[in-house]
Every structure is written in structure tokens, then in C-alpha cells.
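See below for the structure under consideration.
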Amino acid sequence: KGLVRLNVNHLMKPYEKDLHLYRTGISVGDYPVDHHHNANQLAPKINFPEINSFNIPLGSLIPEKTDGLIVTEKGISVSNIVNGTTRLQPCVMLTGQAAGVLAANAVIKKIQPRQANIREIQEILLKSNCMLMPFVDVTPYDRNFIPIQHVALTGILKGFSKPGKWQNKTFFYPDSLIRYDALEKGMKEYDPAFPTKKKPDHNYLTIKETFNVLLPYLKSSKDSILIKKANIFIEELGNTAKISRRWESFYYLRNYSPGRPITRRELAVLIYYLRLTSGKDRMVDWSGNFIPAQKKN
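Counting in my numbering, the sequence shown runs from 4 upward without gaps.
Okay, structure coming up:
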């Protein structure tokens, strides 16, 4: 048994309450559940459910009690049903890459694999262009690949799944617009202290409104680095030419126009570069639950 066990509920409803293993993902798979075995007349019939494309949680590679061991290939900690999809070679090879990173991290730091920092392992994989969230419409060749993957791993912006016959697909829809209440819901899931509007707001967010929401939230942080970053952005907002240059040359985005609706891509990039998801409060435990920020003495 691993630190966690991936079961079919995680694949069918990855964003359901208490099913947050996706936040600890280190590789992806998209194959349907498909078992092959010798005919057994006494074996009960199994109706294999439709699943979404998915990711493999890091904790499924680490034995619960055995030290100095990382399990991969078809031995990872998953249920019998889930093994019908995680056993496929693409998923197995991607998981093997992550196992190598985890092993190297343990050796270099002289720690047990279960002592690894999940987010640190994910960062190493992302910088190597490894896909941790199975988005078919945002590939590693996309210049915003890391920001989108990074923010999706927090759950602030979620994917949309479409089960298929032999290939399940999950989309990020980077060019779609986003309503204020969707951002509020995602941010409050990440940080309950995120401000709530008195009345529900179903309007699409503009770029200007996004800055007006995110920058005050950033300034309310007790992190001096984040406060400084917020102040710099607030100062730059009055200089459209300067923001436009940053928008294109640093963020790799197009058409900076404060009054137009912001896209999911642009929002993910802003969240990433404003460092809204940095600091100890972005850490997660093996079940994918957020670990509260530690108070400084």
C-alpha cells in the first residue's frame, strides 16, 4: 500500500470535495479502463465506468511503511479497476520519469522519499516540460505551459473533461473567458480569506477588473515580497506602454487592452507571475489538501 491509493472516484470526479489527489500529480494518462485476463466463468462481471483523463499522484509511488523504496511500472498504489488504465505504456513511462526525479531528490537531500516536498518535485518536472495536468489544448510547446500547469495544480482554474472511446480528453480552454464568480470560487478554495462580493457577480472579468481584484488581495498578504510586487504593478498600471511591453515580452501574451474580457490563459499567467500561489500556504499534503501557512515567531 502506498501513501495514497488512486481509485476510480478520483478519475471520475477529480474535483469533488475530499478527492484532491490531482494536486499532487506527477504524470498523466488518458486511456479508458480496460482489463485483460483469462476467462473465468466464476468471476463476477465488471461494468467498467467511463473515466476522465487523469494524473498519477506522487504518493502512489511511495510505500506507506517501507523505507528506501520507490515503486513504479504496474506496481503503483492504485485500485484493481484503475490498474486497467494506469498500466498502459505511456502512463508507465511518464511515471518512471517522475520516479527518477523523486529518487534523485531523496539521494541528494539524504531523505526518505516520503519526506519529499511535493511542489518541489512538480517544479522540477514542469521545468523539464513534463505534463502534470492532462490538458490536450496546452502542450509543452506552449509558451504559457508552466504557468497554466502550475495554476491548474492548485485548482484555482480547473479543466473540463470529455470521456472518449479509446482516448479521454481534458481541456483547459485557454482562450475562453471567465466570470468573476468562477475566479472567486477557485480562489476561496485555495485561500478562504479571499474577499467575497456581497452579491453574486456572473459578469465576465476584464483585464482591468482582474488587476483591481488581485492586487489588493496581494497587498493584504503579510509577505513583504508579495506586497512589494503588488506596489510595483499598481505603479505601472498608469503606464499602458510599459504594461503592454511586459504583457508581450515577459508574459508572452497578446493585445493588452484593459477594457476587454480576460481569457483563462491570461488569468493563469497573471496568477503565476504575481506569485499569488507562492509561499508555504501553497504546499499540499499527500492527499492534496492545502497545508496552512506556518506562523513566523
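Yeah, the Cβ is synthetic: ideal placement off N, Cα and C, and Gly gets one too.
The three-state reading of DSSP puts L9 in strand, counting E and B together. Contact between V31 and S56 holds: their C-beta atoms lie close to 7 Å from each other, under 8 Å. Secondary structure of T173 (DSSP, three-state): strand. DSSP places F236 in the uninterrupted alpha helix (DSSP H) bounded by S227 to E239. Membership of S164 in the beta strand (DSSP E) is indicated by the continuous run F163 to K165. Distance from the CA atom of I127 to the CA atom of L97, rounded to whole angstroms, is 14 Å.
Excluding five sequence positions before and after P17, the CB atoms of its chain that fall closer than 6 Å to its own CB belong to Y25, given in chain order. With a cutoff of 7 Å on beta-carbon distance, F148 and G162 are scored as not near each other. Judged by DSSP secondary structure, G62 falls outside any beta strand (DSSP E); it is assigned neither H nor E. Per DSSP, reduced to three states, the secondary structure at R278 is coil, with no helix or strand assignment.
With contacts defined by Cβ atoms closer than 7 Å, G291 and T27 form a contacting pair. Taken atom to atom, the span from the alpha-carbon of P47 to that of K113 is near 47 Å.
Between the alpha carbons of W169 and I49 lies a gap of roughly 18 Å. Excluding five sequence positions before and after D178, the CB atoms of its chain that fall closer than 8 Å to its own CB belong to T266, R267 and R268, given in chain order.
A check of alpha carbon separations from V81 across P66, D70 and G71 identifies P66 as the nearest. For a cut-off of 8 Å, the C-beta gap from E187 to K200 is around 7 Å, short enough to register as a contact.
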